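Participant: Just so you know, the protein sequences line up as chains A and B, in that order.
With UniProt numbering, letter number 301 in the first sequence gets 301, and the count goes up by one each step, no holes.
With UniProt numbering, letter number 250 in the second sequence gets 250, and the count goes up by one each step, no holes.
For every residue, glycine included, the Cβ atom is placed at its ideal position computed from N, Cα and C.
All values derive from a computational prediction rather than experimental measurement.
Below: one structure in structure tokens.
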Amino acid sequence: MPDMTALIELDRVEKVFDVRRRTGPLRRERRQVRAVDGISFTVPAGQVVGYIGPNGAGKSTTVKMLTGILTPSGGRLRVAGIDPSRERTRLARRIGVVFGQRTTLWWDLPLRDSYELVRRMYRIDAARYRRNLDRCVGLLDLAPLLDVPVRQLSLGQRMRGDIAAALLHDPEVLYLDEPTIGLDVVSKAKVRAFLRTVNTEQGTTVLLTTHDLTDIEQLCRRVMVIDHGRLVYDGGLDGLHAAGDSERTLVVDFERELPPVELPGARCERVEGPRQWIAFPAAASAAPLVAELAARHGVVDLSVREPAIEDVIARMYAASSTAPA
Amino acid sequence: MHLYATVAASGFRRHATYRVATAAGVFTNTVFGFITAYTYIALWHERPHLGGYDQSMALTYVWIGQALFATSSLMGGGFQDELIERVRSGDIAVDLHRPADLQAWWLAADLGRAGYQLLARGAVPMACGALAFDLALPASPATWAFFLLSVALGVLVSFALRYLVVLSVFWLMDGTGIVAVSGLSTLFFSGMLLPLNAFPGDLSAIALVLPWSALLQVPADILLGRHTGGALAAALAFQAAWAVLLLGAGRLLQSAATRKVVVQGG
Chain A
1 MPDMTALIEL DRVEKVFDVR RRTGPLRRER RQVRAVDGIS FTVPAGQVVG YIGPNGAGKS
61 TTVKMLTGIL TPSGGRLRVA GIDPSRERTR LARRIGVVFG QRTTLWWDLP LRDSYELVRR
121 MYRIDAARYR RNLDRCVGLL DLAPLLDVPV RQLSLGQRMR GDIAAALLHD PEVLYLDEPT
181 IGLDVVSKAK VRAFLRTVNT EQGTTVLLTT HDLTDIEQLC RRVMVIDHGR LVYDGGLDGL
241 HAAGDSERTL VVDFERELPP VELPGARCER VEGPRQWIAF PAAASAAPLV AELAARHGVV
301 DLSVREPAIE DVIARMYAAS STAPA
Chain B
1 MHLYATVAAS GFRRHATYRV ATAAGVFTNT VFGFITAYTY IALWHERPHL GGYDQSMALT
61 YVWIGQALFA TSSLMGGGFQ DELIERVRSG DIAVDLHRPA DLQAWWLAAD LGRAGYQLLA
121 RGAVPMACGA LAFDLALPAS PATWAFFLLS VALGVLVSFA LRYLVVLSVF WLMDGTGIVA
181 VSGLSTLFFS GMLLPLNAFP GDLSAIALVL PWSALLQVPA DILLGRHTGG ALAAALAFQA
241 AWAVLLLGAG RLLQSAATRK VVVQGG
């Protein structure tokens, strides 16, 4: 009996591409590239999952298999109980896809006409269409843009238009491939706020690939990290810190200049006059360190800096590429 | 079905948006019409009744060619370049995500385009030609109706051929060569340069059974009243047969292409 709550299921999914390379005037060398190398995970309905990894890690290939455009070379894959590559069109009615770098809208048509085409394509009944369009137009500030041809929209406007187009048919799953790429801070915030609303109000399951870790921090409770076609981390954001051996930093202002302080389980990273930066494992408590410092020296001020998620991920990528394949 | 009607309507409207481009196209077709007309006058002066056409019929043929040049894409183009670019850039991924048939979608869009081109770039040059020359246009509404039906079938064949060209890019990854070759073949074998009947012997016989003759030669001969009765039915059946065959080939190739698709980039 399959787990009915798991909307996306991957079991040892593989995708191998044949790459032909010129090695001489007439010779071609055939080489196999394992873009996705045995990935397994399940995503329950209603979850927002971040799917991250460096360029060429296999993220987009996974998404293309999940939508049925690419056929897996091995393993088993189901989305809403459907085998995507076999029933691509049936699945298409139940999922929404947004590519940050491509548009699903029609270049020469006003936004409104593009949505009309989407309505007919997905056979959305009039009442539902009205309701969803009104909601998207309201939340994404699309009202002034509806009669503008897509080619005249700015990148941020177009992206909002694209996201709305992907949600008009109430998809159960929404794949977002770098939805905030190239957007300014305000547009990014709008997009994130909208996605949060969609997830909480509609219960839409979201799989988000991105290079912008702020997207992940603000939207996802679960993160999957993929590198070289393999899943190297699957868990919460907090766990990511532990998995990446990340450190927090205590910034201390002493009463006077001191030599670098030595504390058990911590190390002094930097000294600048009376200020010192003391690194300690992210999982450890700062309290005993603070007590020890205060007992030994006169402390004027102190603050704790959380590790930047970028650093954590960068360390994880580095670790997975040096690990034996 | 409703969806594809909407797609066709948006194909029509989309081309109607570019008024300056339409005006430039009408101007070009009219100018070329005049140039070709005077060339034909010189040719028919030397060789009266070439291909079985008198001079008035030959001039009519010229203006039918100009009228159908954009409508039936007698030198390729239309959706072709756009879809090839989508295959090359990987934007085709977006199209494949849609719960719609790729071939039906682009056929609908191309029919919408052809409809607009017939009204804008077809009617106006034809009217100019009729004012300037003594054309052999039929009086019977039935002949005009069969002509329009034949044009519609010609557009289907034209689409089917161009769709095959597009699909080849899934394997070739660059469409420049095949687009050039198919464009020139279309120009020559549709009868745009010279009526196929005027070709010498065997070449004429061969050209008349190739699919390209469905684009211009057949509709033109219907309007000129050269096909009547059983011959008219046979001419329309000839076009329909090529349309079915080539659209079917497109379907087969399409499923092979989407099976092997390697989407470019990202």
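If we count the other Cβ atoms within 10 Å of its Cβ and call it buried at 16 or more, is P195 (chain B) buried or exposed?
Facilitator: The sequence position of residue 195 (chain B) within the second sequence is 195, counting from 1. Label assigned to P195 (chain B): buried.
Participant: Check whether the Cβ of G112 (chain B) lies closer than 9 angstroms to any Cβ atom in chain A.
Facilitator: Residue numbering aside, residue 112 (chain B) sits at position 112 when the second sequence is read from its first letter. Not an interface residue.
Participant: Going by the CB atoms, is the gap between T42 (chain A) and I8 (chain A) shorter than 9 angstroms?
Facilitator: The count along the first sequence starts at 1 and reaches residue 8 (chain A) at position 8. The count along the first sequence starts at 1 and reaches residue 42 (chain A) at position 42. Yes; because the gap between Cβ atoms is below 9 angstroms, this pair is in contact.
Participant: In chain A, which residues lie less than 8 angstroms from H2 (chain B) when you measure between Cβ atoms?
Facilitator: Indexing the second sequence from 1 puts residue 2 (chain B) at position 2. Result: R120.
Participant: Check whether the Cβ of G90 (chain B) lies closer than 9 angstroms to any Cβ atom in chain A.
Facilitator: Numbered from its first residue, the second sequence carries residue 90 (chain B) at position 90. Taking Cβ atoms only, chain A reaches closer than 9 angstroms to G90 (chain B), which makes this a yes.
Participant: Who does E46 (chain B) pair with in a DSSP beta bridge?
Facilitator: Here residue 46 (chain B) refers to the residue found at position 46 of the second sequence. When DSSP reads this structure, E46 (chain B) sits in no beta bridge, so it has no partner.
Participant: Where do the N-terminal and C-terminal ends of the beta strand (DSSP E) with M224 (chain A) fall, by residue?
Facilitator: Taking the first sequence and counting its residues from 1, one reaches residue 224 (chain A) at position 224. 222 to 227 is the span of the beta strand (DSSP E), which, as asked, contains M224 (chain A).
Participant: How long is the line joining the alpha carbons of R93 (chain A) and R21 (chain A), rounded to whole angstroms?
Facilitator: Against the first sequence, residue 93 (chain A) aligns to sequence position 93. Against the first sequence, residue 21 (chain A) aligns to sequence position 21. Spanning the two alpha carbons is a distance of roughly 38 angstroms.
Participant: Are the C-beta of P259 (chain A) and some C-beta of chain B separated by less than 9 angstroms?
Facilitator: Looking up residue 259 (chain A) in the first sequence gives position 259. So no, P259 (chain A) is outside the interface.
Participant: For my contact list, S72 (chain B) and V155 (chain B) are in at a C-beta cut-off of 8 angstroms; report their separation, rounded to the angstrom.
Facilitator: Residue mapping note: residue 72 (chain B) aligns to position 72 of the second sequence, counting from 1. Residue mapping note: residue 155 (chain B) aligns to position 155 of the second sequence, counting from 1. With a beta-carbon spacing of about 5 angstroms, S72 (chain B) and V155 (chain B) fall inside the 8 angstroms limit used to define contacts.
Participant: Which residues in the same chain as F12 (chain B) place their Cβ atom closer than 6 angstroms to its Cβ, once the five residues preceding and following it in sequence are excluded?
Facilitator: Indexing the second sequence from 1 puts residue 12 (chain B) at position 12. Cβ neighbours of F12 (chain B) within its own chain (closer than 6 angstroms, five residues either side excluded): G112, G115, Y116.
Participant: Do we get a CB-CB distance below 9 angstroms when we pair V20 (chain B) with the residues of chain A?
Facilitator: Within the second sequence, the letter at position 20 stands for residue 20 (chain B). Output row for V20 (chain B): interface = no.
Participant: What is the C-beta distance between E255 (chain A) and V300 (chain A), in whole angstroms, given that I count them as a contact (C-beta under 8 angstroms)?
Facilitator: By one-based count along the first sequence, residue 255 (chain A) stands at place 255. By one-based count along the first sequence, residue 300 (chain A) stands at place 300. Contact flag correct, Cβ pair sits at about 6 angstroms.
Participant: I'd like the ranges of any beta strand (DSSP E) spanning at least 3 consecutive residues and lying wholly in the region 264 to 304 of chain A.
Facilitator: 267 to 272, 275 to 281
Participant: What are the boundary residues of the beta strand (DSSP E) that D234 (chain A) is part of?
Facilitator: For the purposes of this step, residue 234 (chain A) is taken as the residue at position 234 of the first sequence. It spans 230 to 236 - the beta strand (DSSP E) in which D234 (chain A) sits, taken as one unbroken run.
Participant: Does chain B have any CB closer than 9 angstroms to the CB of A227 (chain A)?
Facilitator: The count along the first sequence starts at 1 and reaches residue 227 (chain A) at position 227. Before going on, a small fix: residue 227 (chain A) reads as Asp here, not Ala. At a cut-off of 9 angstroms between beta-carbon atoms, D227 (chain A) makes no contact with chain B.
Participant: Beta carbon of L252 (chain B), beta carbon of P138 (chain B): below 9 angstroms?
Facilitator: Counting from one through the second sequence, the residue named residue 252 (chain B) turns up at place 252. Counting from one through the second sequence, the residue named residue 138 (chain B) turns up at place 138. Their beta carbons are not under 9 angstroms apart, which means L252 (chain B) does not touch P138 (chain B) by this criterion.
Participant: Could you name the residues of the same chain whose beta carbon sits closer than 6 angstroms to that of E269 (chain A), not counting the 5 residues immediately before and after it, in chain order?
Facilitator: Mapped onto the first sequence, residue 269 (chain A) falls at position 269. Taken in chain order, the residues that qualify are W277, A279.
Participant: Below 7 angstroms on C-beta distance, what does V97 (chain A) contact in chain B?
Facilitator: Locating residue 97 (chain A) in the first sequence gives position 97, counting from the first residue. Contact note: V97 (chain A) reaches chain B through H97, using a C-beta cutoff of 7 angstroms and chain order.
Participant: Could you round the C-beta distance between G229 (chain A) and A35 (chain A) to whole angstroms and report it? I think they count as a contact, below 8 angstroms.
Facilitator: Counting from one through the first sequence, the residue named residue 229 (chain A) turns up at place 229. Counting from one through the first sequence, the residue named residue 35 (chain A) turns up at place 35. 6 angstroms between Cβ atoms; contact.
Participant: DSSP has residue 397 (chain A) in a bridge; who is on the other side?
Facilitator: Beyond the ends of chain A as shown, which are 1 and 325, falls residue 397 (chain A); an answer cannot be given.
Participant: Here's the rule: buried if 16 or more other CB atoms are within 10 angstroms of the residue's CB, otherwise exposed. What is I216 (chain A)?
Facilitator: Residue 216 (chain A) sits at position 216 when you count from the first residue of the first sequence. Looking at its Cβ environment, which holds 16 or more other Cβ atoms inside 10 Å, I216 (chain A) is buried.
Participant: Please list the partners that A256 (chain B) has in chain A, where partner means a Cβ-to-Cβ separation under 9 angstroms.
Facilitator: Within the second sequence, residue 256 (chain B) is the residue found at index 256, counting from 1. Chain A residues near A256 (chain B): none, gap ~13 angstroms exceeds 9 angstroms.
Participant: Would D141 (chain A) pass as a contact of R112 (chain A) if the rule is Cβ separation under 9 angstroms?
Facilitator: For the purposes of this step, residue 141 (chain A) is taken as the residue at position 141 of the first sequence. For the purposes of this step, residue 112 (chain A) is taken as the residue at position 112 of the first sequence. Not in contact: D141 (chain A) and R112 (chain A) (Cβ atoms no closer than 9 angstroms).
Participant: Would you call the region 301 to 310 of chain A and the region 248 to 262 of chain A in contact, with 3 or more CB pairs under 8 angstroms?
Facilitator: yes
Participant: For the ligand PLP, any of its heavy atoms closer than 8 angstroms to the Cβ of V155 (chain B)?
Facilitator: Looking for the ligand PLP in the displayed structure turns up nothing, as the structure carries no ligands at all.
Participant: What does the Cβ neighbour count give for P48 (chain B), buried or exposed, with the cut at 16 atoms within 10 Å?
Facilitator: Residue mapping note: residue 48 (chain B) aligns to position 48 of the second sequence, counting from 1. Per the 10 Å Cβ criterion, exposed.
Participant: Quick check: what's the CA-CA separation for A257 (chain B) versus L247 (chain B)?
Facilitator: In the second sequence, counting from the first residue as 1, residue 257 (chain B) sits at position 257. In the second sequence, counting from the first residue as 1, residue 247 (chain B) sits at position 247. If you take the alpha carbons of A257 (chain B) and L247 (chain B), they lie about 15 angstroms apart.
Participant: With burial defined as no fewer than 16 other Cβ atoms inside 10 Å of the residue's Cβ, what is the status of T5 (chain A): buried or exposed?
Facilitator: Within the first sequence, residue 5 (chain A) is the residue found at index 5, counting from 1. Exposed, by the Cβ-count rule.
Participant: Assign I52 (chain A) to buried or exposed, taking buried as 16 or more other Cβ atoms, counted over all protein chains shown, within 10 Å of its Cβ.
Facilitator: As a first step, residue 52 (chain A) must be located in the first sequence, where it is residue number 52. I52 (chain A) should be labelled buried.
Participant: Distance cutoff 9 angstroms, beta carbons only. Does R13 (chain B) sit that close to anything in chain A?
Facilitator: On the second sequence, residue 13 (chain B) is found 13 positions in, with the first residue counted as 1. It does; some Cβ of chain A falls within 9 angstroms.
Participant: Who are K15 (chain A)'s beta bridge partners in DSSP?
Facilitator: Here residue 15 (chain A) refers to the residue found at position 15 when the first sequence is read from its first residue. Note: K15 (chain A) sits in a beta bridge opposite A:V36.
Participant: Would you list the one or two residues that DSSP bridges to R20 (chain A)?
Facilitator: Here residue 20 (chain A) refers to the residue found at position 20 of the first sequence. R20 (chain A) is bridged to A:R30.
Participant: Bridge partners of R78 (chain A), per DSSP?
Facilitator: The residue labelled residue 78 (chain A) in the question sits at position 78 within the first sequence. Paired residues: A:E9.
Participant: Kindly list, in the order they appear in chain B, the residues whose Cβ is closer than 9 angstroms to that of E116 (chain A).
Facilitator: On the first sequence, residue 116 (chain A) is found 116 positions in, with the first residue counted as 1. T6, S10, listed in chain order.
Participant: Assign I84 (chain B) to buried or exposed, taking buried as 16 or more other Cβ atoms, counted over all protein chains shown, within 10 Å of its Cβ.
Facilitator: Position 84 of the second sequence holds residue 84 (chain B). Buried is the call here.
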